[in-house]
Amino acid sequence: MSLFPGWRAAFRIARRDALRAKGRSALVVAMIALPVLGVTAADLTYRSALPTAAEELTADLGAADALFVDQGMGPVPLWQMPDGIMWQTPDGAPETFYDDERKPVDVPATFPKGSRSLTEQSVPASVTTRHGITDTQITELAVADPMLRGRVELTEGSYPKAKDEIAATGAFLKAAGLSVGDRVTVRGPEQEYTLTGAVELPAELKNESLFAVPGAVIAPWQKTADGDGKILPPQASGVKWLVQGPPGAGVTWPDILAANEKGVVVRARQVALDPPPDSEVPMAVYARGWTGSDTELTAAVLTVAAMALLEIVLLAGPAFAVGARRSRRQLGLVGSCGGTRGQVRAVVLAGGAVLGGVGAVVGVGAGFGLTVLFRPMIEEFSGRRFGELTVHPGEILAIAVLGLVTGVLAALAPAIVAGRQSVLESLTGRRGSRRSSRVLPVVGTVVLAVGVALAVYGGLSGNTRLVAGGSVLAELGLLGCIPVIVGFLGRLGRRLPLTPRIALRDAARNRGRTAPAVAAVMAAVAGSVAIATYTASTTAEQAYDHRPNLTAGTAALMTADTAEKTDLSRARAAVEQHYPVSGAPARVGRAWAGSDCSVYYEEEDGCGTLEIVKPTGEGHSCPLKGKGAKELALRISADEHKRLMNSPACVDEDSITIAFGNDDNKIVIGDTALLTSYVKLDDPEAAKALAAGTPVLLNSAYAKDGEITLRARHVYNERDKENRARHPGEPRTTTDRLKVYVAPDSYATTPGIRMVLPQKTADRLGLHSQETGSVHTLTREPTDAEQQAADAALEQAGNQAYVWTGSPAEQGDDAVVLLILALFAGVVTLGAAAITTGLSKADAEADLTTLSAVGAPPGVRRSLSGFQCLVVALTGVLLGTAAGIVPAVALRLTDLREALKVMRDDPMESAYTPIVMPWPTIALLALVVPVLAGLLAAALTGSRQKLARRAG
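Residue numbers are given in the working numbering: position 859 of the sequence shown equals residue 893, and the series is strictly consecutive.
Okay, here's the thing in structure tokens:
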């Protein structure tokens, strides 16, 4: 006899009901399976992409047993940890300096007897490409040796074996426009090599480098440089040794300790995987407590998991309500045959368990399949190959159980409602009226207020757990308020046309199905908006902290050697030919006093100086630096600190960008073209002043009463014979008061320029000057091919010149993240809206029949479904946006607290912590997705009324 006879029948009824209503069952399974699929795929991807200790060792060692490295300390004892990464000199060891003379270390003498080894050495080099030239790294390593398997793998062609052969990574070949069989020349020694193969580093797929056999590059290069003084010698790294220990023994901890005594650090596979006890590691006592805590990460993960579970329940709950409504006659028959209310609830709960179990199995299986299918794409995106598909059975089982439990929880509320219905109501199809709870909205409002207060307090106090808990409470409180909000919607439709008025009133009258769907949309949108807001805010902060070395949209052509006369006209032609430039270039020059410090820099006080003397006092001295700065920092807010940091008095105090060959005075010689194309100062008065010989000052803190003090110290070096003969005698100092045109304060942050000095004014002041390059306006950023072609053209022109563009702020993948979040929230919104539309159709058949009977056109059914979908989607999106702002703002308050703490310790550190709304993401969710949901619902709804039997 079965212990659970009621449940056995309930599961049988639930299984048959699921097979009978295949469309509804598929919808429920999909809503449960999709999150399970996502979590399964994420777990598999994370576990597979996270390298294990063995995989990290393979990335460093290949198939070798150990890597022996001379740390450059000489043959002196060292201590190291078993992982071979951390090391130090022993206590009491004499202090050494890098410029000390050290005896060489005989590294091969430290290998275990019977070992086999390979050498590895790298050198930076400039090489030719299909487009021109580029800089890269060449590693001399016998990559064909089996000892390198796992670290370097061949993807095309063959490994290099001769000294005139070379291999390249796939990323290098793509950037350089080369292929296997092409020739590559190392510039300088002009050594030519044939590309015999393409290789990849499984742990560094984006690495752009070349590989040659030992002795193929560095030694010939050095020999050529020794015979020709014009060729720079190779700047090679130190030699490393990959070692394969004696068969069956490998490299042991005693072998490592012996090597440490000779000044060699060893990273050995078997020791790193099976480290010795701390009692045998001299350095262990110093390495304790170096591991970090992941408490905050755990709290964040638990918060996300809780909200994901809530979201799935809210999504699937209305779908089970659809099933309960459609099966109410069947449930009534169960009651009429003697079934208790508990058995009626059991039938609905069993349906949740059946569909939840199927959804869990389908989700886990699909997660495995999609991970395997998209594995190459994931590997390319992450930049490393998976060692293997890592599966943690316990985690996968927990994910599947979560799907099953979610199905049961989603069916809980419909089961309770079904159990409360009378048999007569279930058999006749009539629904009793039930007043909505007046307590729930009050409780929801209180919980919402408490949650917001907790989140804000957590942000102000720096407690991320309070932020997470308060955010969850706030969202739960808002969930409790949704029925009242939905009820209020019915009052908004009084003056609307027929169809939207019916849709709003239907949503308000049937809050039991509308509220969960709105809540599901809100939950999805809240998470997406929270992450999107935080991401947009941190991106804005990083962009603000970035200090560009050139004005955006420009490229600078500069001379590399000021001692030689460079033909800049040929260099400019090369840039204009290969770079996407527009308009004529703006010429740039530099001015100096005495002997040129860029040439005569070896002797102390062997060259002149030129500076703009900065006045003191308010508006000139930076209050965030010097006496009283920390006291001021304690009193001001982040906004006041930002204003001071951006003021002309402080903008140059933190860091100085030197871009045009000048020193930290940032004085350049230029004309009006420089003002308009680079400074972006399109002011007729400034151009007029510059043409008249008046300098244009971009930083007003250096001017007083419209004038600056220019101090020049004319010191001539004994080696500067030509100028020394013209200016004999002792060094002299001149001070000139110059009338200047002062630009608005916003131009004080112009990269590399503090003042534009006319050429004739420099000549009048007795300053030396030289044209050093030009600035070109770009229509877009140049490609790798264009940069390589321009570099090659400059080299062929024989010019000592180079071209470069500004360094933009790192964008990362923020735009991709925001798009993914918007798409995720949009899909959930469409799904939730589709569910509630299906439920509406199930409930509103009688209303639709009445509409048809009174002469409503067939299109009313379509438009009504569309507006019902639109109401749910739009309401959920707006509430979700409001709910998502709470955790984002609270977390930014936490960041602000930390930034203020750092700023008050060092007043020149930025405390700017903006809160930026991701308006494109919000616009996509608030405008596009609801309208799309409504249109899809209208398009997929039939316009004809089906024949129905009389009720009763």
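From the three backbone atoms N, C-alpha and C, an ideal C-beta is built for every residue, glycine too.
The structure presented is a predicted model; accordingly, all values stated were derived computationally and were not measured.
Asked, Found
"Residues bridged to Leu101 [DSSP beta-bridge criterion]", "Leu276, Arg301"
"Given Glu665 as reference, the closest of Gly108, Pro582, Arg938 once Cα atoms are compared", "Arg938"
"Contacting residues, own chain, Cβ-Cβ under 6 Å from Asp698 (five flanking each side not counted)", "Ile690"
"Under the three-state DSSP convention, the category His612 falls into", "helix"
"Residues bridged to Lys738 [DSSP beta-bridge criterion]", "Glu741"
"Start and end residues, alpha helix (DSSP H) containing Val501", "498-523"
"Between the CA atoms of Pro254 and Glu174 - distance to the nearest angstrom", "12 Å"
"Pair within 7 Å by beta-carbon distance, Tyr712 and Ala620", "yes"
"Segment limits, alpha helix (DSSP H) that includes Lys137", "First-last for Lys137: undefined, no H or E at that position."
"Sheet register partners of Tyr320 (DSSP bridge)", "BP columns for Tyr320 are empty, so no partner."
"Cβ pair Thr168, Gln830 closer than 7 Å", "no"
"CA nearest to the CA of Gln225, picked from Val622, Val161, Met120, Phe522", "Val161"
"Span separating the alpha-carbon of Val439 from that of Val305", "44 Å"
"For Phe901 and Pro531, the rounded distance between their alpha carbons", "11 Å"
"Sequence-distant residues of the same chain with beta carbon closer than 6 Å to Thr784, five excluded per side", "Val713, Leu732"
"Contiguous beta strand (DSSP E) assignments of at least 3 residues, all confined to the stretch 205-246", "217-220, 225-234, 243-246"
"Test item: CB-CB of Ile787 and Lys700 under 7 Å", "yes"
"Helix, strand or coil at Gln576 according to DSSP, with G and I counted as helix", "helix"
"Local Cβ density within 10 Å of Lys240, reported as buried at 16 or more and exposed below that", "exposed"
"Nearest to Glu199 (by Cα), restricted to the options Ile172, Glu187, Ala209, Val186", "Ile172"
"Nearest residue (CA-CA) to Ala98, options Thr74, Tyr781, Ser151", "Ser151"
"Element boundaries [alpha helix (DSSP H), containing Met937]", "893-939"
"Cut-off 6 Å between Cβ atoms - residues of its own chain near His165, not counting five sequence neighbours on either side", "Gly211, Ala819, Gln822, Ala823"
"Residues of its chain near Val298, where Cβ-Cβ distance is below 8 Å and the 5 sequence neighbours each way are ignored", "Phe102, Val103, Asp104, Gln105, Leu112, Val139, Val141, Thr144"
"Supposed close pair Ile646, Met789 - CB separation, criterion 8 Å", "6 Å"
"Check whether Ser271 and Ser156 have beta carbons under 7 Å apart", "yes"
"Span of the alpha helix (DSSP H) around Met789", "Premise fails: Met789 lies in the beta strand (DSSP E), 789-791, not in any alpha helix (DSSP H)."
"Inter-stretch contact at 8 Å, needing at least 3 Cβ pairs: the stretch 810-817 / the stretch 615-630", "yes"
"Through-space distance from Gly118 to Pro309, alpha-carbon basis", "11 Å"
"Integer Cβ distance of Tyr193 from Ala178, believed to fall under 8 Å", "4 Å"
"Segment limits, alpha helix (DSSP H) that includes Gln269", "Segment: none, Gln269 is in no alpha helix (DSSP H) and carries neither H nor E."
"Ala483 versus Gly496, Ser505, Leu494, residue with shortest Cα-Cα distance", "Ser505"
"Runs of alpha helix (DSSP H) wholly within the stretch 792-835 (minimum 4 residues, chain order)", "793-798, 818-830"
"Sub-7 Å separation of Gly623 and Thr806 beta-carbons", "yes"
"Nearest to Arg419 (by Cα), restricted to the options Ile430, Val406, Gly428", "Val406"
"Where the beta strand (DSSP E) containing Thr773 begins and where it ends", "Thr is not the amino acid found at residue 773; the sequence shown has Lys there. Unbroken beta strand (DSSP E) run through Lys773: 766-773."
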